[in-house]
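Colleague: Chains as they are written, first to last, in this note's numbering: chain V, 7 to 157; chain P, 7 to 157.
Protein chains: 2
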Amino acid sequence: MQNITDIIEAYLKQILHDEKKIEIKRQEIAERFDCVPSQINYVINTRFTIEKGYFVESKRGGGGYIRIQKIVILDSHDLLDEMSRWIGNDLTEQAAEDYLIRLVNEQLLTRREAIVVQSLLQKESLPMVVEDQRRMRAHLMQTLLKTIKRL
Amino acid sequence: MQNITDIIEAYLKQILHDEKKIEIKRQEIAERFDCVPSQINYVINTRFTIEKGYFVESKRGGGGYIRIQKIVILDSHDLLDEMSRWIGNDLTEQAAEDYLIRLVNEQLLTRREAIVVQSLLQKESLPMVVEDQRRMRAHLMQTLLKTIKRL
DNA sequence: ACCTCTCTGACCATCTTTGACTATTGTTTG
DNA sequence: CAAACAATAGTCAAAGATGGTCAGAGAGGT
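What follows is the structure, given as structure tokens:
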């Protein structure tokens with residue numbers, strides 16, 4: 007626990023223990039721990055990832071900030087990872103529908119949510135040649151799986 | 007929330023909470039918050055857009071004013087049609103988010119649904135050049151609006 | 001030595017603030 | 001009434017204020 011990364015990590019987690027969400031200014035934290043600002047990005051990228059159960063938002067410019075909140079990781083995390091692996095970067099419309107049905111059955115999505123997503127993944131919504139469509143559909147589904155983790 | 011833009015935004019919205027329409031003088035507001043007049047234009051252009059559900063009118067010259075009102079579209083079918091028209095075939099990520107927030111406020115989508123859709127419309131989910139991205143995003147949003155009608 | 005994790009800094013992206021210049025409308029004057 | 005003047009608001013580009021990225025240097029362990 008001697009390196010700055012660990013120290014900053016501990017500092018932030020200690021605050022998160024009390025508050026369910028914190029908002030920091032990158033520059034301020036960097037000054038407080040006497041390091042370069044990008045160090046804060048490193049801490050966040052290695053210690054506050056979605057896999058570790060954190061959701062991070064930020065804004066640049068005047069009045070900018072970095073916001074971190076703890077999220078609940080679903081039990082079905084493994085299912086999502088597996089699906090992600092199965093899908094890879096190619097997905098047909100039928101397969102997409104099957105996956106969505108599965109997600110609804112697992113109660114990871116509501117029926118309405120599945121309908122919305124399905125409509126966005128159907129070929130009519132993806133105006134491009136079929137191979138691109140399938141790649142695009144896979145890409146969108148991958149995004150969905152990631153998003154579900156923080157719902 | 008220390009930047010002037012957010013402060014002025016909050017001030018105006020707080021008034022709009024009680025009055026359904028406000029009329030301000032640009033110079034006056036600028037003085038009250040000790041900023042340049044064009045700052046007020048910035049606030050209006052970024053925080054009181056049509057996507058966010060505001061209608062702004064103004065007049066120059068003696069007795070000039072800026073009038074802001076919250077747009078109320080009672081019939082949700084009409085709202086969806088209006089949005090569809092506003093969007094056309096070009097949509098930025100920020101505008102998309104604003105529309106989704108609006109849909110949530112109008113209770114046409116749940117928060118979760120909006121988050122899912124937003125994640126699918128963000129640039130990371132649309133691997134193509136920016137112009138195509140915007141066209142694609144508009145296309146997907148149009149699909150969404152159509153889908154909502156039959157949910 | 002080699003590998004992995006950490007740290008740094010130059011450069012990039014985005015949002016905000018400012019001010020000079022422009023456009024429009026109302027009022028006064030010749 | 002037209003021209004000048006006054007009073008507003010709009011536009012836009014540059015500067016300021018943040019946060020993000022990435023490649024390479026540094027440090028610690030095997």
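Just so it is clear, CB atoms sit at the ideal spot from N, CA and C, and this is done for glycine as well. In this text the structure is predicted, and so the values were computed from the model without any measurement.
Pick from P:L157, P:I72, P:Y105, P:V110: whose alpha carbon is nearest that of E88 (chain P)?
Modeller: Here the question's residue 88 (chain P) lines up with position 82 in the second sequence. Checked all of P:L157, P:I72, P:Y105, P:V110; the closest Cα to E88 (chain P) is P:Y105.
Colleague: Run down chain V in chain order and give the residues with a C-beta less than 8 Å from the C-beta of H145 (chain P).
Modeller: Counting from 1 along the second sequence, the entry for residue 145 (chain P) is found at position 139. Residues of chain V passing the Cβ test: S131, P133.
Colleague: Answer yes if the region 43–52 of chain V comes into contact with the region 10–22 of chain V, meaning at least three C-beta pairs across the two stretches below 8 Å, and no otherwise.
Modeller: Yes, they touch.
Colleague: Looking only at its chain, what residues have a beta carbon closer than 8 Å to the beta carbon of I56 (chain P), apart from the 5 residues adjacent to it on each side?
Modeller: Taking the first residue of the second sequence as 1, we reach residue 56 (chain P) at position 50. Answer for I56 (chain P): I77, W92, listed in chain order.
Colleague: DSSP three-state label for Q75 (chain P), please.
Modeller: As a working mapping, residue 75 (chain P) is identified with position 69 in the second sequence. Looking at Q75 (chain P) - three-state DSSP - the assignment turns out to be strand.
Colleague: Give the single residue among P:D24, P:V135, P:S125, P:L150 whose Cα lies nearest to the Cα of L114 (chain P).
Modeller: Position 108 of the second sequence, counting from 1, holds the residue named residue 114 (chain P). Residue P:L150 is the option with its Cα nearest to L114 (chain P).
Colleague: How about G59 (chain V): is its C-beta nearer than 7 Å to some C-beta of chain P?
Modeller: Mapped onto the first sequence, residue 59 (chain V) falls at position 53. Not an interface residue.
Colleague: With 16 as the cutoff for other CB atoms within 10 Å, does K155 (chain V) come out buried or exposed?
Modeller: Working through the first sequence from its first residue, we reach residue 155 (chain V) at position 149. So K155 (chain V) ends up on the buried side.
Colleague: Jot down the residue ranges of each uninterrupted alpha helix (DSSP H) in the region 82–156 of chain V, minimum 4 residues, whole runs only, in chain order.
Modeller: Here the runs fully enclosed are 83–93, 99–111, 117–127, 136–154.
Colleague: In chain order, what residues of the same chain lie with their CB nearer than 7 Å to the CB of I79 (chain P), ignoring the 5 residues before and after it?
Modeller: Along the second sequence, one-based indexing puts residue 79 (chain P) at 73. Excluding positions up to five away in sequence, the list reads L85, E88.
Colleague: Does the separation of the CB atoms of F54 (chain V) and V62 (chain V) fall below 7 Å?
Modeller: For the purposes of this step, residue 54 (chain V) is taken as the residue at position 48 of the first sequence. For the purposes of this step, residue 62 (chain V) is taken as the residue at position 56 of the first sequence. Cβ atoms of F54 (chain V) and V62 (chain V): closer than 7 Å.
Colleague: At a CB-CB cut-off below 8 Å, which residues of chain V make contact with Q113 (chain P)?
Modeller: For this step, residue 113 (chain P) is matched to residue 107 along the second sequence. Simply none; closest approach about 13 Å.
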